[in-house]
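**Q**
There are 2 protein chains.
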Amino acid sequence: MARTPTTHDPFNAVAEPKRRQVLAVMGTQELSVNEIVERLGWNQPMVSKHLRVLKQVGLVSERRVGRQRMYQVNAEKLRPIFDWVTPFEKLWNERFDRLDEVLEEMQKRRKNNE
Amino acid sequence: MARTPTTHDPFNAVAEPKRRQVLAVMGTQELSVNEIVERLGWNQPMVSKHLRVLKQVGLVSERRVGRQRMYQVNAEKLRPIFDWVTPFEKLWNERFDRLDEVLEEMQKRRKNNE
DNA sequence: TTGACATATTCCTATATAGGAATATAATAC
DNA sequence: GTATTATATTCCTATATAGGAATATGTCAA
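Chains as they are written, first to last, in the numbering used here: chain A, 160 to 273; chain B, 160 to 273.
Written out as structure tokens, the structure reads:
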């Protein structure tokens with residue numbers, strides 16, 4: 160079997176460093192492809208291709224305006240990543256008296272079989 | 160060029176759902192390979208292979224005890240993921256009066272070229 | 001309708017899996 | 001030594017990129 164496709168979920172989509180760059184450069188703004196191209200200094204097809212993957216997993220939304228296509232980050236799709244990684248954060252960042260909470264969260268996670 | 164290797168960084172390592180399961184099932188405990196095998200119900204080589212990738216990116220540490228190998232999650236290696244995804248969390252989770260902070264963080268991130 | 005602009009797609013290739021099956025290595029006990 | 005237990009590795013294959021280069025599609029303007 161091959162690797163999980165990049166378009167399978169947000170985890171796989173943002174595993175590619177360039178796609179994280181795209182999201183970071185977009186931030187909260189709605190940008191056209193060319194604006195992203197300018198900010199990143201990449202060639203246009205490369206940007207379009209990465210946007211395609213991001214769009215397929217819902218990480219960006221597209222809106223057509225004349226001959227432009229405006230893209231915008233759909234941050235909520237990053238939530239599964241945030242939710243998955245947050246419990247671990249306690250392990251390096253907080254005092255030991257919250258370890259029990261960490262364990263509880265792990266337990267729930269285990270039940271959900273994820 | 161091919162896809163970024165799974166062993167390149169934590170982002171790529173945990174893109175594989177099975178490896179997230181491994182980390183979740185380990186939690187805060189130090190477990191032998193067989194203990195992980197039992198908890199997940201997978202075959203042993205499969206577990207070993209995934210542990211290998213996780214170890215190569217530092218997400219787990221290994222300790223040899225007799226013929227066993229004890230593995231433990233090294234949560235800190237997940238920090239880059241946490242740090243990257245956290246600013247976006249504000250976009251869906253908090254009131255709009257903190258949007259300026261979000262933008263600041265995005266800006267810093269952009270300067271670090273990540 | 002022709003040209004310019006904005007963006008997407010296709011074709012190509014080197015590369016890297018993930019999983020199954022079989023086997024190798026290592027440590028311990030007898 | 002030999003068997004047993006614990007774990008890792010090798011061999012195999014189908015599959016999916018990511019990037020470069022070239023080209024296609026779509027839209028507007030004169």
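C-beta atoms are modelled at their ideal positions from N, C-alpha and C, and glycine is treated no differently.
Assign residue 243 of chain B to buried or exposed, taking buried as 16 or more other Cβ atoms, counted over all protein chains shown, within 10 Å of its Cβ.
**A** Classification for residue 243 of chain B: buried.
**Q** DSSP state of residue 221 of chain B, grouped into three classes?
**A** Here residue 221 of chain B sits in strand by DSSP.
**Q** By how many angstroms is the C-alpha of residue 223 of chain B removed from the C-alpha of residue 178 of chain B?
**A** About 21 Å.
**Q** Is there a Cβ from chain A that is less than 7 Å from the Cβ of residue 237 of chain B?
**A** For residue 237 of chain B, the answer is yes, since a Cβ of chain A falls inside 7 Å of its Cβ.
**Q** Considering only their Cβ atoms, is the gap separating residue 250 of chain B from residue 172 of chain A smaller than 7 Å?
**A** Taking 7 Å as the Cβ cut-off, residue 172 of chain A and residue 250 of chain B do not qualify as a contacting pair.
**Q** Which parts of the stretch 172–254 of chain A are runs of the alpha helix (DSSP H), unbroken and 4 residues or longer, counting only runs that do not cross its ends?
**A** Here the runs fully enclosed are 176–185, 192–199, 203–215, 238–252.
**Q** Interface residues of chain A around residue 243 of chain B at Cβ under 7 Å?
**A** By Cβ distance, chain A contributes 179.
**Q** Given this structure, state the Cα-to-Cα distance separating residue 232 of chain B from residue 198 of chain B, to the nearest angstrom.
**A** If I take the Cα positions, the gap works out to 16 Å.
**Q** Going along the stretch 164–175 of chain A in order, which residues come within less than 7 Å of chain B, judged by CB to CB distance?
**A** Residues 170, 171, 173, 174, 175.
**Q** Helix or strand or just coil, what does DSSP make of residue 169 of chain A?
**A** Helix, per DSSP.
**Q** So, is residue 205 of chain A buried or exposed, given that buried needs 16 or more other C-beta atoms within 10 angstroms?
**A** Exposed.
**Q** Distance check for residue 220 of chain B and residue 218 of chain A, CA to CA, integer angstroms please.
**A** Cα to Cα, the separation comes out at about 33 Å.
**Q** CB residue 237 of chain B to CB residue 247 of chain A, shorter than 7 Å?
**A** In this structure, residue 247 of chain A lies closer than 7 Å to residue 237 of chain B by Cβ.
**Q** Show which residues of chain B have a CB atom less than 7 Å away from the CB atom of residue 194 of chain A.
**A** Those do not exist, as residue 194 of chain A stays about 14 Å from chain B at its closest Cβ, beyond 7 Å.
**Q** Residues of chain B with CB under 9 Å from residue 162 of chain A, in chain order?
**A** Those are 162, 165, 174, 175, listed as they occur along chain B.
**Q** Roughly how many angstroms lie between the CA atoms of residue 184 of chain B and residue 161 of chain A, to the nearest whole one?
**A** Taking the straight line joining both Cα atoms gives about 24 Å.
**Q** Using a C-beta to C-beta distance shorter than 7 Å, which residues of chain B count as neighbours of residue 250 of chain A?
**A** The contacting residues are 187, 234.
**Q** Using CA atoms only, rank isn't needed, just tell me which of B:212, B:201, B:186 is closest to residue 164 of chain B.
**A** Checked all of B:212, B:201, B:186; the closest Cα to residue 164 of chain B is B:212.
**Q** Between the C-alpha atoms of residue 362 of chain A and residue 195 of chain B, what's the straight-line distance to the nearest angstrom?
**A** Given that chain A is displayed from residue 160 to residue 273, the structure contains no residue 362 of chain A and the question cannot be resolved.
**Q** Considering Cα atoms alone, identify which of B:208, B:187, B:203, B:193 is closest to residue 175 of chain B.
**A** Of the candidates B:208, B:187, B:203, B:193, the one whose C-alpha sits nearest the C-alpha of residue 175 of chain B is B:208.
**Q** May I have the straight-line CA-CA distance separating residue 226 of chain B from residue 216 of chain B, to the nearest angstrom?
**A** C-alpha separation (whole angstroms): 24 Å.
**Q** For residue 169 of chain A, collect the residues of the same chain with a Cβ closer than 7 Å to its Cβ; drop the 5 residues on either side in sequence, then sort them by chain order.
**A** Same-chain partners within the cutoff: 216, 218, 236, 237, 239, 240.
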